[in-house]
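Visitor: One structure, pasted below without further comment.
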Amino acid sequence: LGSRVFHPEDTIIQTAHNRIGGQQFTVMAGPCSVENQAMITDLAAKVKAAGATVIRGGAYKPRTSPYDFQGLGETGLRYLRAAADQQGLDVITEVMSIDEIAVAAPYTDIFQIGARNMQNFDLLKAVGKAGKPVALKRGLAATIDEMLNAAEYIAAQGNLQIMLVERGIRSFDSTYTRNVLDVGGIAVLRKLSHYPVIVDPSHASGHADLVAPLAKAGVAAGAQGMLVEVHQDPAKALSDAAQQLTPAQFAPLVQQVQQIHALL
Ligand code: PEP
Ligand code: MN
-13 LGSRVFHPED TIIQTAHNRI GGQQFTVMAG PCSVENQAMI TDLAAKVKAA GATVIRGGAY
47 KPRTSPYDFQ GLGETGLRYL RAAADQQGLD VITEVMSIDE IAVAAPYTDI FQIGARNMQN
107 FDLLKAVGKA GKPVALKRGL AATIDEMLNA AEYIAAQGNL QIMLVERGIR SFDSTYTRNV
167 LDVGGIAVLR KLSHYPVIVD PSHASGHADL VAPLAKAGVA AGAQGMLVEV HQDPAKALSD
227 AAQQLTPAQF APLVQQVQQI HALL
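In this note's numbering, the protein residues as written are -13 to 250.
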């Protein structure tokens, strides 16, 4: 269902505020986690002013340690929705379990399936049935074919509103980058599938100063959108502190990637 052989045209995903895919370039940005109402309300205004049309923010967080901040749950979703509505933005947020789909559905426009759940097939089937766009992140060590098969689980439920998110894969060397952004993989996904392809340079790099070069590389390779973590005070962030951009760092990046996209 996801193959260009049978569906040569790019899939365009229509949301309340966006047309994602095709020639469009969609900027999605916001904090790793929704931490409180004031921060997400303020960030919604700032990312919108910089050119974002979708706000991200985690309410259910897949943390490596169970002792780290796990997210605000439905309270966070309520803050996120209110902030988005004030600014006329779509919402993208992660669901980690089947139960969270029904909780999150009234608050979100796009369900994010995180890297750690890329092959959680029951979750993929359930989100496929939920009737909203799904952004599927590449698994930590997933091949392109494994990712396309994961997308197929969603599509097989009758939901072709799928975005493929390249967020870096594990390699033998994580000394300087958290993951390795598979730039070639972005070009391959564009070739093999008709779904919109999105680059997440934040989780790929793990370091704020590497986000801009990876975002630009991803867009040059054909990404039709970017998903970037932005926080007012990254050093104090409750998750992913090292990789979040300030609004002042994020705004010029949007300008630069839009120029690159316009050249393609
Ligand atoms: C996130 O988007 O904050 C996240 C946890 O991403 P990933 O699943 O790519 O690690
Ligand atoms: Mn994060």
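We treat Cβ as the ideally placed atom computed from N, Cα and C, and that holds for glycine.
Relative to the C-alpha of asparagine 145, which residue among Gln56, Phe97, Gly43 is closest?
Guide: Taking only the C-alpha atoms, the option nearest asparagine 145 is Phe97.
Visitor: Please list, following the chain, all residues that have a C-beta closer than 5 angstroms to any non-hydrogen atom of the ligand MN.
Guide: Here the residues come out as Cys18, Asp226.
Visitor: For glutamate 86, verify whether its CB is less than 7 angstroms away from any heavy atom of the ligand PEP.
Guide: No, Cβ of glutamate 86 sits at least 7 angstroms from all heavy atoms of the ligand PEP.
Visitor: Can you tell which of Gly171, Val174, Leu213 has its C-alpha closest to the C-alpha of proline 187?
Guide: It is Leu213 whose Cα lies nearest to the Cα of proline 187.
Visitor: Do threonine 1 and aspartate 95 come within 8 angstroms of each other at the CB atom, strictly closer than that value?
Guide: Cβ distance < 8 angstroms, so aspartate 95 and threonine 1 count as in contact.
Visitor: Kindly indicate which three-state DSSP category serine 179 falls into: helix, strand or coil?
Guide: Strand.
Visitor: Roughly how many angstroms lie between the CA atoms of glutamine 210 and alanine 45, to the nearest whole one?
Guide: Taking the straight line from one Cα to the other gives about 25 angstroms.
Visitor: Please classify glycine 117 as buried or exposed, where buried requires at least 16 other C-beta atoms within 10 Å of its C-beta.
Guide: With fewer than 16 Cβ atoms within 10 Å of its Cβ, glycine 117 is classed as exposed.
Visitor: Is histidine 189 near the ligand PEP, with its Cβ less than 7 angstroms from a heavy atom?
Guide: The answer is yes for histidine 189.
Visitor: Would you call the CB atoms of valine 13 and glycine 43 closer than 8 angstroms?
Guide: Against a cut-off of 8 angstroms, the Cβ pair of glycine 43 and valine 13 comes out as no contact.
Visitor: Any heavy atom of the ligand PEP closer than 7 angstroms to the CB of arginine 102?
Guide: Within the cutoff, so yes.
Visitor: So isoleucine 140 and isoleucine 148 are in contact, right, with Cβ under 8 angstroms, and what is the actual spacing, rounded?
Guide: Rounded, the Cβ-Cβ distance is 5 angstroms, consistent with contact.
Visitor: For the alpha helix (DSSP H) containing aspartate 131, list its first residue and its last residue.
Guide: Aspartate 131 -> alpha helix (DSSP H) spans 130 to 141.
Visitor: Could you tell me whether the Cβ atoms of proline 233 and alanine 36 are closer together than 8 angstroms?
Guide: Contact: yes.
Visitor: Along the chain, which unbroken stretches of the beta strand (DSSP E) at least 3 residues long are found entirely within the segment 29 to 91?
Guide: You should have 40 to 42, 76 to 80.
Visitor: Please check the pair alanine 136 and leucine 110, which I expect to be a contact at CB under 8 angstroms, by giving their CB distance rounded to whole angstroms.
Guide: Between leucine 110 and alanine 136 the Cβ distance is about 6 angstroms, and since that is below 8 angstroms, they are a contact.
Visitor: Do you know how far the Cα of alanine 128 is from the Cα of isoleucine 41?
Guide: Rounded to the nearest angstrom, the two C-alpha atoms are 26 angstroms apart.
Visitor: Under the criterion of a Cβ to heavy atom distance below 7 angstroms, does glycine 44 qualify as lining the ligand PEP?
Guide: True, at least one ligand heavy atom lies under 7 angstroms from that Cβ.
Visitor: Say the cut is 7 angstroms; is the CB of glutamate 80 nearer than that to a heavy atom of the ligand PEP?
Guide: Checking every heavy atom of the ligand PEP against the Cβ of glutamate 80, one is found closer than 7 angstroms.
Visitor: Which residue wins for smallest C-alpha separation from aspartate 168, given the options Met133, Ala142, Gln143?
Guide: Ranking the options by Cα distance to aspartate 168, first place goes to Met133.
Visitor: For glutamine 225, which of helix, strand or coil comes out of DSSP?
Guide: It should be pointed out that residue 225 corresponds to serine in this sequence rather than to glutamine. Serine 225: coil per DSSP, three-state reduction.
Visitor: Over what stretch of residues does the beta strand (DSSP E) that includes phenylalanine 97 continue unbroken?
Guide: Element bounds for phenylalanine 97: 96 to 99.
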